[in-house]
Amino acid sequence: MKNKFSLFVVVIFLSFCFVVFYKGLNTPNNYTPKVNEKKNIPTFKAKDFDSNNYINSDKIFEENIFYIVNIWASWCVPCRTEHPLLMQLSKNELVKLIGLNYRDNFKNAKKFIDDFGNPYSRILIDKDGTLGVEFGAYGVPETFLIDKNKDIIKKFAGPINQEIVNEIKLIIK
Amino acid sequence: MKVLKIFIILFLVTSFSELKSDEANNVLKNKILKNIRCLICQGQSVYDSESEFASSIKLIVDRKINEGLKEKQIYQFLREKYGDWIIYEPQINKNTYILWLLPLLLFLLGGAIIQKKLKLKN
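These protein sequence lines are chains A and B, in that order. Each residue of the first sequence is one higher than the one before, counting from 0 in numbering that gives the first Met the number 0. Each residue of the second sequence is one higher than the one before, counting from 0 in numbering that gives the first Met the number 0.
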């Protein structure tokens with residue numbers, strides 16, 4: 000009886016270990032951002048790309064519409080692939096695009112905008128990447144959808160594609 | 000002369016204490032950075048990494064320390080931005096109870112078994 004009980008405990012313990020390790024092996028060990036977590040937009044002060052003046056975040060998001068914050072840089076190749084889609088989104092009157100120029104050189108960034116067009120209603124300068132951290136970004140490009148309550152409702156890491164644009168259009172409708 | 004001496008001593012004391020506080024801030028900064036995971040690196044802390052993400056986090060931590068935030072408040076700030084994964088040391092919450100309590104339970108169970116065996120032997 001005692002031996003049977005010990006065997007039972009050992010089997011239970013080994014099964015538990017097996018389940019834990021099996022689940023652990025199936026879970027990726029790299030960071031996967033939560034894309035649907037609702038968060039308030041951070042409060043910050045940033046330099047405006049055109050005027051070079053500092054501006055408060057509450058002034059940037061003051062209208063009662065949806066906003067898209069897109070982190071981009073002239074040196075970022077995937078940013079070029081998503082740029083036509085941002086131009087497409089900028090034509091939509093229900094949303095305003097805010098660009099966050101990430102760790103870039105002003106001259107190169109200006110050339111990028113001149114060459115490919117400006118989809119942004121305002122561009123902010125993030126010279127050292129700390130503004131990106133305030134948004135919870137970890138790279139470039141990254142796009143955030145902000146609703147009328149000034150909550151970040153969606154986060155898209157990497158370049159956006161037509162599917163994402165359609166999803167955004169559906170949400171802001 | 001006496002006044003000059005007092006001034007020199009006061010100057011030395013204040014500059015020394017400033018150096019000490021800088022040193023303390025550096026120690027705290029390094030401690031925090033070693034406990035933050037670089038999210039875009041493979042198995043590296045922010046302290047060890049030279050990536051753009053890590054250098055931005057280093058600047059943020061430095062800024063927060065200068066603003067007077069405590070170690071726990073800085074971890075909380077980063078958790079709010081990136082989730083629990085960014086900190087190496089997991090917090091005790093409903094998802095990590097087993098992680099924290101299982102070693103203790105196994106230790107107690109082992110102790111109980113040894114005690115029982117010893118009693119039987121005696």
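Backbone N, C-alpha and C define an ideal beta-carbon position, used for all residues, glycine too.
Could you tell me whether the Cβ atoms of residue i and residue j are closer together than 9 Å?
i	j	result
A/I145	A/F48	no
A/K149	A/F60	yes
A/E81	A/P158	yes
B/K57	B/L32	yes
A/G135	B/K116	no
B/I64	B/N34	no
A/I64	A/L96	no
A/P118	A/S73	no
A/I171	A/V94	yes
A/L85	A/I122	no
Can you give me the start and stop residues for the alpha helix (DSSP H) that residue i sits inside?
i	result
A/L13	1-25
A/D125	Note, A/D125: premise wrong, no alpha helix (DSSP H); beta strand (DSSP E) at 121-125.
B/Y81	70-81
A/A108	105-115
A/N165	161-171
B/V60	51-65
A/C78	76-89
A/E62	No alpha helix (DSSP H) contains A/E62, which DSSP labels as neither H nor E.
A/G135	Looking at the DSSP string, A/G135 is not in any alpha helix (DSSP H), and its letter there is neither H nor E.
Straight-line CA distance for residue i to residue j?
i	j	result
A/Y53	A/F43	10 Å
B/Q41	B/E51	14 Å
A/Y101	A/C16	45 Å
A/D114	B/I39	30 Å
A/Y137	A/K37	17 Å
B/D21	B/D47	21 Å
A/L173	A/F7	Outside the displayed range of chain A (0 to 172) lies residue 173 of chain A, so it cannot be described from this structure.
A/N69	A/V76	15 Å
B/Y87	B/K30	12 Å
A/V9	B/L108	13 Å
A/V164	A/I152	15 Å
B/N93	B/W99	With the sequence shown as reference, residue 93 of chain B is identified as Lys, and Asn is not the correct amino acid for it. Each residue's alpha carbon lies about 11 Å from the other.
B/E49	B/L119	59 Å
A/S56	A/S50	16 Å
B/P102	B/Y96	11 Å
B/K28	B/V45	11 Å
A/K1	A/I11	15 Å
A/Q185	A/K147	Outside the shown range of chain A (0 to 172) lies residue 185 of chain A, about which nothing can therefore be said.
A/K109	B/G82	34 Å
B/F10	B/G67	25 Å
B/Q114	B/N121	11 Å
B/V2	B/I8	10 Å
B/S55	A/L24	31 Å
A/S120	A/P83	15 Å
A/V19	B/A53	31 Å
A/K22	B/A111	30 Å
Cα-Cα, which of the options is closest to residue i?
i	options	result
A/K46	A/F15, A/F105, A/F17, A/F4	A/F105
A/D79	A/I11, A/G116, A/L13, A/K37	What sits at residue 79 of chain A in the sequence shown is Arg, not Asp. Minimum Cα distance to A/R79 is reached at A/G116.
A/N107	A/V164, A/W71, A/I40	A/W71
B/Q90	B/P102, B/L101, B/Y74, B/L104	B/Y74
A/D182	A/P140, A/S5, A/I40	No answer is possible for residue 182 of chain A: it lies beyond the span of chain A, which begins at 0 and ends at 172.
B/I59	A/D127, A/K58, A/E62, A/K22	A/D127
A/A156	A/K147, A/L13, A/E162, A/F143	A/F143
B/Q43	B/I85, B/L77, B/I8	B/I85
B/A76	A/E133, A/K154, A/K110	It should be noted that the sequence gives Phe, not Ala, for residue 76 of chain B. With distances taken between Cα atoms, B/F76 lies closest to A/E133.
Determine the extent of the beta strand (DSSP E) in which residue i is found, giving its start and end residues.
i	result
A/E141	141-145
A/V68	65-71
A/V94	94-101
B/Y96	First-last for B/Y96: 96-120, but that is the alpha helix (DSSP H), not the beta strand (DSSP E).
A/D57	That residue, A/D57, is in no beta strand (DSSP E); its alpha helix (DSSP H) goes 56-59.
A/D47	44-47
Just to confirm, does residue i get its C-beta within under 8 Å of one of the non-hydrogen atoms of the ligand MN?
i	result
A/K58	Absence of the ligand MN is noted for the structure shown, with no ligands found whatsoever.
For residue i, list the residues DSSP reports as bridge partners.
i	result
B/L3	For B/L3, which the question treats as bridged, DSSP gives no partner whatsoever.
A/A156	A/E141
B/S44	B/R36
B/I86	B/I35
B/D21	None; B/D21 has no bridge partner.
B/K30	According to DSSP, B/K30 bridges with nothing at all.
A/I151	A/K38, A/I145
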